[in-house]
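At position 359 of the sequence shown (counting the first as 1) the number is 359 in full-length UniProt numbering, and the numbers step up by one without a gap.
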Amino acid sequence: MPWTALEQALSSRLPATQAGGGRPALPVRLIAGLLYLKHAYDLSDETVCERWLENPYWQFFTGEVVFQTRLPCDASSLTRWRQRLGEAGMEELLAHTINAAHAMQAVDARELSRVIVDTTVQEKAIAYPTDSRLLEVARKKLVLLAKRHGIGLRQSYARQGPALSRKAGRYAHACQFKRMRRILRRQRTVLGRLVRDIQRKLDQVNTGVRERIAVWLERAQRLYTQRPKDKQKLYALHAPEVECIGKGKARQAYEFGVKVGIAVTACKGLVVGARSFPGNPYDGDTLAEQLEQTRGLLQDVSVEPTVAIVDLGYRGREVDGVQVLHRGKAKTLTRRQWRWIKRRQAVEPVIGHLKDDCRLRRCRLKGAQGDALHVLGCAAGYNLRWLLRWIAFLRAWMRAMGWSSLSAVPLSPTALGA
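Structure (structure tokens):
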């Protein structure tokens, strides 16, 4: 990995010392290495720190020269490091994996210029949203807030609320939907009473507390007023950014999260672009932004994407300077372009490995910013696994050719110095 270049790129976002003084920051290589390893091996923040402690190879990867016997950092501090990096900093992590692959001659400029673009859903770590459960969760949250800040309620429905939630589940299981809807109406009435009771008594608390409670009151009011056919519904009380997305899957008709775009090289499957698209836009409307990000990630290797291979979900959209290919242009395609289009399905296993091996299946980071940071971290972790597989293939090829050392392989000096 080009650690020196990465440290220089991130030095403005992760300074060694804070402006106001205090304890020196952890090394940039250590933080970047932990984030790489977290997504490359599908680990939580806590587990990656524990594995780092017992693995000398991981410690060497993050810049240590002596075996360490203490945790590198508190696991919770990785959250603050991600926030300090931001989306641009995580893009630097992804860009330097691409630079490393190019410097090692694992991919060349021609391969980087042809990309396959597709979208998928990055699900949020929420329970499956049902009206009964959401209404009960909102009731519990309002009661907890009132108790915490000394607001006396006329009635908390502590016994009736859980009983109504259980009844709704039983009636739904028995297909007694008329009775189930009656229970839902009662739950909605209970929530409305609590909302109005707290609103009447907000003058009893100070301004700061009032503002914090107002956020949850607004979300509870949304749950109280929304109906099954409404748009822009609230699917999780703690994650209002979650959207319901249907991708036409037989086993999973609807997924709850955010749409993300993935761009990979057409031949070898290296990820050269990954970003989130809040609002569930039409796939074709995401193409220009996705290629713009890819162009920025490839600027260090002086390559621009010239061919984008997509599916029919991108019909009707063109991008200046990029040849967009899909089956809808069948009458105008050459034989070579048809061969490129037959490579489009190569992006599907990449998305599958991103979800199963690199944590893309469920995002546990908070808010829309967490969605954007998570998909970039998953892409960087996938590229690290990709590089490890390429090195293993190179060693096997050297053994088959009878070469005993890496010096016999015609690599560039930059790659050997990385």
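Every residue, glycine too, gets a C-beta built ideally from N, C-alpha and C.
Secondary structure of residue i, DSSP reduced to three states
| i | result |
| --- | --- |
| R114 | strand |
| K259 | strand |
| T414 | Reliability of the predicted coordinates at T414 is poor, the pLDDT of 42 falling under 50, and the value obtained from them is presented with this limitation in mind. The answer is helix: DSSP assigns T414 an H, G or I state. |
| I245 | strand |
| Q199 | helix |
| K229 | coil |
| V121 | strand |
| residue 419 | The structure shown has nothing for residue 419, since the chain only spans 1 to 418. |
| Q204 | helix |
| I126 | coil |
| Q155 | coil |
| Q187 | helix |
| Q160 | helix |
| Y235 | coil |
| G192 | helix |
| K173 | According to the sequence provided, residue 173 is His. The question's Lys does not apply to it. Helix. |
Per-residue burial, residue i [other beta carbons within 10 Å of its own, 16 or more giving buried]
| i | result |
| --- | --- |
| R335 | exposed |
| N206 | exposed |
| E54 | exposed |
| M401 | exposed |
| A127 | exposed |
| E255 | buried |
| Y57 | exposed |
| D131 | buried |
| A263 | buried |
| R139 | buried |
| T306 | exposed |
| E136 | buried |
| I391 | exposed |
| A158 | exposed |
| A396 | exposed |
| V215 | exposed |
| G370 | buried |
| G417 | Residue confidence is low: G417 scores 38 on pLDDT, short of 50, so the model does not pin down where it sits. Its coordinate-derived value is still stated next. By the 10 Å Cβ count, G417 comes out exposed. |
| F61 | buried |
| E318 | exposed |
| D320 | exposed |
| T294 | buried |
| H173 | exposed |
| D230 | exposed |
| R327 | exposed |
| A330 | exposed |
Close Cβ partners of residue i (< 6 Å) along its chain, the five nearest in sequence each way excluded
| i | result |
| --- | --- |
| T286 | G261 and F277 |
| L202 | R210 |
| A40 | G381, L384 and R385 |
| R114 | A266 and V307 |
| R362 | E123 and A125 |
| C358 | H39, C378, G381 and Y382 |
Assumed close pair residue i, residue j - CB separation to whole angstroms, cut-off 8 Å
| i | j | result |
| --- | --- | --- |
| T97 | L387 | 7 Å |
| A32 | L6 | 6 Å |
| L145 | I245 | Not really, about 31 Å apart at Cβ, beyond 8 Å. |
| L78 | L34 | 7 Å |
| D197 | L153 | 6 Å |
| V303 | A109 | 5 Å |
| K249 | E111 | Contact doesn't hold; Cβ gap of about 31 Å is too wide. |
| V107 | A101 | 5 Å |
| Q160 | V190 | 7 Å |
| V310 | V324 | 6 Å |
Neighbourhood of residue i by C-beta, 8 Å cutoff - its chain only, sequence neighbours within 5 removed
| i | result |
| --- | --- |
| L94 | V271, A274, L297, L376, A379, A380 and N383 |
| R13 | R84, L85, G86, A88 and G89 |
| R186 | L164 |
| I351 | D118, T120, I262 and L360 |
| C175 | none |
| K355 | T120 and R361 |
| E50 | L71 |
| D45 | K38, A75, S76, L78 and T79 |
| E91 | Q293, G296, L297 and L376 |
Contact set for residue i: own chain, Cβ-Cβ below 7 Å, skip 5 residues either direction
| i | result |
| --- | --- |
| L234 | R219, R222, L223, Q226 and P240 |
| D283 | T119, G313 and Y314 |
| G279 | none |
| P129 | Y235, A236 and F256 |
| L26 | C73 |
| L24 | The residue you asked about is not Leu; residue 24 is Pro in the sequence shown. Answer for P24: A16 and T17, listed in chain order. |
| Q199 | L217 |
| R29 | W3, E7, T62 and G63 |
Residue i CB to nearest heavy atom of the ligand COA below 8 Å
| i | result |
| --- | --- |
| Y57 | For the ligand COA, the structure offers nothing, since it holds no ligand at all. |
### Message
What ranges does the beta strand (DSSP E) occupy inside the UniProt domain "Transposase IS4-like" (248-384), keeping only unbroken runs of at least 3 residues that lie completely in it?
### Response
Qualifying beta strand (DSSP E) stretches, in chain order: 255-265, 271-277, 307-309 and 323-325.
Residue ranges of each alpha helix (DSSP H) within the UniProt domain "Transposase InsH N-terminal" (2-84), 4 or longer:
3-10, 28-40, 45-54 and 56-61
### Message
For a minimum of 4 consecutive residues, which ranges assigned as the alpha helix (DSSP H) are wholly contained in the region 85-111?
### Response
With a minimum length of 4 residues, no continuous alpha helix (DSSP H) run stays inside the region 85-111.
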